[in-house]
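Report on the following structure.
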Amino acid sequence: ARFDLIISNGVVITAEDLGQYDIGIKDGKIVKVVAKGSLKGAESKRVIDAQGGYVMPGGVDAHVHLEEPPLFGKGSTADNFETGTRSAVCGGTTTVIAFAPQPKTEDSLLDVLKETHLKAKDNCYSDYSFHLLVGNPSEKALGEFATLREEGISSLKIYMTYEALRLNDSQILDVLLEARKQGITTMVHTENDDIINWMTKQLENRKLFDPKYHATSHPAVAEFEAAYRAICLSEFIDVPILIVHVSSPVAVKHIREAQSRGLPIYAETCPQYLFLTKKDLDKPGFEGAKCICSPPPRDGPEDQEGIWIGLIDGTFTVISSDHCPFRFDDSVNGKKTVLNEEYPNGRFKYIPNGCPGVETRLSLTLNADRLELKRFVELTSTNVAKLYGLHPQKGALVPEVSDADIVIWYPPGEMEEFELDNSMLHHNVDYSPYEGRKFAQWPRFTIIRGEVVWDRDGEGLVGKKGFGKFLKRASSSLAGSRQGGEWDINEF
Ligand code: DUC
Ligand code: ZN
Ligand code: ZN
Ligand code: ZN
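Going from the sequence shown to the UniProt record's numbering is simple: count from 1 and add 1.
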C-alpha cells in the first residue's frame with residue numbers, strides 16, 4: 002500500500018500551525034500533511050478518522066524517574082522502565098527521557114549509563130533516552146562527558162539539595178565548564194540545602210512531624226535563592242541551564258530577568274505546581290504524603306497563577322511531569338517503610354519526595370484550557386525535543402523527517418466526562434494526586450512510529466513492551482553559550 006496509516010479529518014496542531022489536514026504515514030515516518038480530504042481513497046493499510054479531534058505530535062516528557070534507588074527519602078521508585086513507559090503511552094506521551102543516576106559513591110558515569118541501558122533495554126513501550134544525573138563530578142566523571150556525547154547523551158541533571166546528590170557551588174562550576182565544552186545542557190534542581198535542613202530541624206525540635214510540614218520545610222525562598230544562584234553560575238561560565246520544576250513566582254521573576262538580558266536560561270514547570278497547593282498536604286493522618294514533592298506545591302491560587310502567567314508569556318520552555326512514583330502503601334514484606342508506632346502519621350523528613358504524573362500531564366494541562374493550543378504543543382512536545390536534541394525527529398510533523406509519533410484527542414465535547422480513578426491509570430502506583438478530578442479530554446489514540454499503542458475506545462493499551470527504542474540525541478537546538486569556543490580565564 003502507498004500508506005501504512007492515514008489519519009483523516011483532524012484538526013492538526015503543531016507549535017507553528019493549526020489547520021485541517023490529513024496525515025499520511027509510511028514506514029514509521031510522516032510522509033504527507035495535506036489539506037483535509039486530499040488523501041480520500043488513497044491506498045492505506047489502515048485509516049483513522051479523527052472526526053474533527055485534535056491531532057498533535059506525541060508528548061515528550063523529559064523528566065521522569067524510573068527504577069531509581071532511594072535518593073529522595075526512604076524507598077525506591079515504584080515504576081520501572083516497563084510500567085513507567087506503559088503509563089506514558091496511555092497518557093499520550095511517546096518519548097520519555099529518564100534519569101541515569103550516579104550516586105555520590107559511584108565514580109564513573111559511563112558505568113551508570115551502561116547499567117541504565119540494561120534496565121531499559123527491551124522493556125519500554127515508548128521511545129526513550131537518559132539524562133545523566135551527576136552526583137559525583139570526580140575527575141574521572143568529568144573526563145567522561147565527551148564520551149557521553151558520543152553515546153548520544155546531551156543533557157545532565159545536578160542537585161543543589163538532597164544528601165545523596167547535592168553539589169556545592171565549586172562542583173557545579175566544574176560541571177558547567179565541562180558541559181560548555183561538550184555542548185551539554187545542564188538541568189538544575191534549585192533549592193538551598195541549608196535552609197531546608199535548618200527548617201527541618203526547627204520543626205522536628207517542636208515535634209512537628211506531619212506530612213504538611215514538608216511544605217513548611219521547603220519554603221519558596223529556598224527555591225528562589227538557589228535559582229538565582231544557579232543563574233549567576235551559568236552566566237559566569239556562559240553556558241545554558243534549565244531550571245527544573247519551578248514552583249515559585251519569585252523564581253519565575255529571576256528567570257524572566259535573566260532571559261531579558263539574553264542569557265540562555267531555560268525553565269520547566271510541572272502540573273503539581275498548576276493544580277496542587279500546600280493545602281493538599283494538610284489532610285488527616287498520612288494522606289497528605291500523596292502530594293509530597295520537592296519543591297512542594299505552593300501556598301495558594303496566586304502562586305499557581307504566577308506559573309500560568311510564565312507559561313503564557315514565554316518564560317517557561319517546557320512542561321514535564323517529574324513523575325517520581327512511590328507507593329502510598331509502601332510495605333515491604335508486610336512492614337511499612339515510613340510509618341511506625343512512634344510516628345503514626347510518619348515523619349515528613351523520611352517521606353520520599355515525588356508524585357506520579359507521567360500519564361496525567363497532557364490531559365490535566367489541556368483540560369485546564371489556559372494555553373493556546375499551539376503553545377500547549379510547544380511546551381509539552383516541540384520545545385522539549387528542541388531543548389534535548391531530538392527535534393525534528395520528535396516533537397514535529399515534518400514530512401519525510403519526523404517519526405510518526407502522534408496523539409489524537411476526542412472531538413471537542415464528544416468525550417464522556419469522567420472522574421479520574423487510579424484504576425484507570427497504568428503506572429505501578431496505588432494512587433494519583435489527581436483522583437476525583439473531572440476530565441473532558443483524554444488521548445483517544447497514541448501512535449508511535451506509525452503503530453497504534455493506545456486505543457481508548459478499543460482494547461486500550463495495544464503497544465508492546467520492548468517496542469520503544471533508545472534515542473541518541475544531538476545537542477540542544479535552542480540558543481547555547483553566547484561566546485562559543487573556550488572559556489577564557491583572562492576575560493575576568
Ligand atoms: N523532586 C521530587 O519531588 N522527586 C524527585 C526529586 C525531586 O527533585
Ligand atoms: Zn556501577
Ligand atoms: Zn529535582
Ligand atoms: Zn525530578
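Glycine included, every Cβ here is placed at the ideal spot set by N, Cα and C.
When you compare the CB positions of residue i and residue j, do they come within less than 8 Å of one another, or not?
{"i": "Phe317", "j": "Leu380", "result": "yes"}
{"i": "Cys292", "j": "Asn354", "result": "no"}
{"i": "Asp469", "j": "Pro58", "result": "Checking the sequence shown, residue 469 turns out to be Gly, not Asp. In this structure, Pro58 does not lie closer than 8 Å to Gly469 by Cβ."}
{"i": "Leu243", "j": "Ala221", "result": "no"}
{"i": "His255", "j": "Tyr274", "result": "no"}
{"i": "Leu19", "j": "Lys465", "result": "no"}
{"i": "Ala16", "j": "Val245", "result": "no"}
{"i": "Ala101", "j": "Phe146", "result": "no"}
{"i": "Tyr389", "j": "Ser156", "result": "yes"}
{"i": "Gly451", "j": "Gly184", "result": "no"}
{"i": "Lys279", "j": "Pro250", "result": "no"}
{"i": "residue 514", "j": "Ile24", "result": "Limits of the chain in this structure are 2 at one end and 493 at the other, which puts residue 514 out of reach."}
{"i": "Ile407", "j": "Ile154", "result": "no"}
{"i": "Ala252", "j": "Met161", "result": "no"}
{"i": "Leu426", "j": "Ser88", "result": "yes"}
{"i": "Leu177", "j": "Thr187", "result": "yes"}
{"i": "His219", "j": "Ile352", "result": "no"}
{"i": "Glu192", "j": "Glu224", "result": "yes"}
Output the distance between the C-alpha atoms of residue i and residue j, rounded to the nearest integer angstrom.
{"i": "Thr217", "j": "Ile310", "result": "25 Å"}
{"i": "Lys336", "j": "Leu72", "result": "20 Å"}
{"i": "Asp304", "j": "Tyr435", "result": "19 Å"}
{"i": "Asp431", "j": "Cys325", "result": "13 Å"}
{"i": "Trp443", "j": "Leu149", "result": "37 Å"}
{"i": "Ala99", "j": "Glu236", "result": "27 Å"}
{"i": "Lys182", "j": "Gln103", "result": "21 Å"}
{"i": "Tyr22", "j": "Tyr55", "result": "11 Å"}
{"i": "Asp404", "j": "Ala43", "result": "21 Å"}
{"i": "Pro393", "j": "Thr383", "result": "8 Å"}
{"i": "Lys75", "j": "Gly347", "result": "11 Å"}
{"i": "Lys158", "j": "Lys46", "result": "43 Å"}
{"i": "Phe48", "j": "Ala369", "result": "The sequence shown places Val at residue 48, not Phe. Roughly 30 Å separates the two Cα atoms."}
{"i": "Glu91", "j": "Thr447", "result": "The sequence shown places Cys at residue 91, not Glu. Cα to Cα, the separation comes out at about 7 Å."}
{"i": "Ala79", "j": "Asp330", "result": "11 Å"}
{"i": "Leu391", "j": "Arg328", "result": "32 Å"}
{"i": "Val135", "j": "His64", "result": "15 Å"}
{"i": "Ile31", "j": "Asp50", "result": "17 Å"}
{"i": "Trp410", "j": "Glu343", "result": "49 Å"}
{"i": "Val385", "j": "Leu479", "result": "10 Å"}
{"i": "Asp281", "j": "Glu415", "result": "31 Å"}
{"i": "Leu340", "j": "Leu421", "result": "27 Å"}
{"i": "Ala290", "j": "Thr270", "result": "21 Å"}
{"i": "Gly307", "j": "Asn169", "result": "29 Å"}
{"i": "Ala142", "j": "Leu110", "result": "6 Å"}
{"i": "Ile238", "j": "Lys27", "result": "45 Å"}
{"i": "Gly437", "j": "Glu116", "result": "38 Å"}
{"i": "Gln52", "j": "Val12", "result": "9 Å"}
{"i": "Phe471", "j": "Ser130", "result": "6 Å"}
{"i": "Ile449", "j": "Gly486", "result": "38 Å"}
{"i": "Ala475", "j": "Gly481", "result": "13 Å"}
Is there a Cβ from chain C that is less than 8 Å from the Cβ of residue i?
{"i": "Thr187", "result": "Protein chain content of the structure displayed is limited to a single chain, and chain C is not contained in it."}
Specify the secondary structure class of residue i as computed by DSSP and reduced to three states.
{"i": "Ala228", "result": "helix"}
{"i": "Glu269", "result": "strand"}
{"i": "Lys439", "result": "strand"}
{"i": "Phe4", "result": "strand"}
{"i": "Trp410", "result": "strand"}
{"i": "Tyr55", "result": "strand"}
{"i": "Asn41", "result": "Checking the sequence shown, residue 41 turns out to be Lys, not Asn. Looking at Lys41 - three-state DSSP - the assignment turns out to be coil, as it is neither helix nor strand."}
{"i": "Tyr389", "result": "coil"}
{"i": "Phe493", "result": "coil"}
{"i": "Asn10", "result": "strand"}
{"i": "Gly60", "result": "strand"}
{"i": "Pro250", "result": "helix"}
{"i": "Ala259", "result": "helix"}
{"i": "Phe377", "result": "helix"}
{"i": "Ala36", "result": "strand"}
{"i": "Lys208", "result": "coil"}
{"i": "Gly469", "result": "coil"}
{"i": "Phe73", "result": "coil"}
Practice task
Output the residue ranges of the beta strand (DSSP E) runs that lie fully inside the stretch 167–202 and measure 3 residues or longer, sorted by chain position.
Solution key: Those beta strand (DSSP E) runs which fall completely within the stretch 167–202 and span 3+ residues are 186–190.
Handout entry: Contact the stretch 260–277 vs the stretch 197–204: 3+ CB pairs below 8 Å
Key = No, because fewer than three Cβ pairs between the stretch 260–277 and the stretch 197–204 fall closer than 8 Å, the two stretches do not touch.
Practice task
Inspect the CB distances between the stretch 67–82 and the stretch 112–125 and report whether three or more fall short of 8 Å.
Solution key: Taking 8 Å as the limit for Cβ pairs, the verdict is that the stretch 112–125 does touch the stretch 67–82.
Handout entry: Stretch pair the stretch 455–464 + the stretch 346–365: three plus CB contacts closer than 8 Å
Key = Result no; under three Cβ-Cβ pairs closer than 8 Å.
Exercise for the section: List in chain order: all unbroken beta strand (DSSP E) runs of 3+ residues lying wholly within the stretch 418–463. Expected result: Qualifying beta strand (DSSP E) stretches, in chain order: 444–449, 452–456.
Exercise for the section: Jot down the residue ranges of each uninterrupted alpha helix (DSSP H) in the stretch 281–361, minimum 4 residues, whole runs only, in chain order. Expected result: Segments of the alpha helix (DSSP H) lying fully in the stretch 281–361: 302–313.
Practice task
Please list the segments of the beta strand (DSSP E) lying wholly inside the stretch 120–172, counting only runs of 3 or more residues, in order along the chain.
Solution key: The beta strand (DSSP E) runs of length 3 or more contained entirely in the stretch 120–172 are, from start to end of the chain, 128–135, 156–160.
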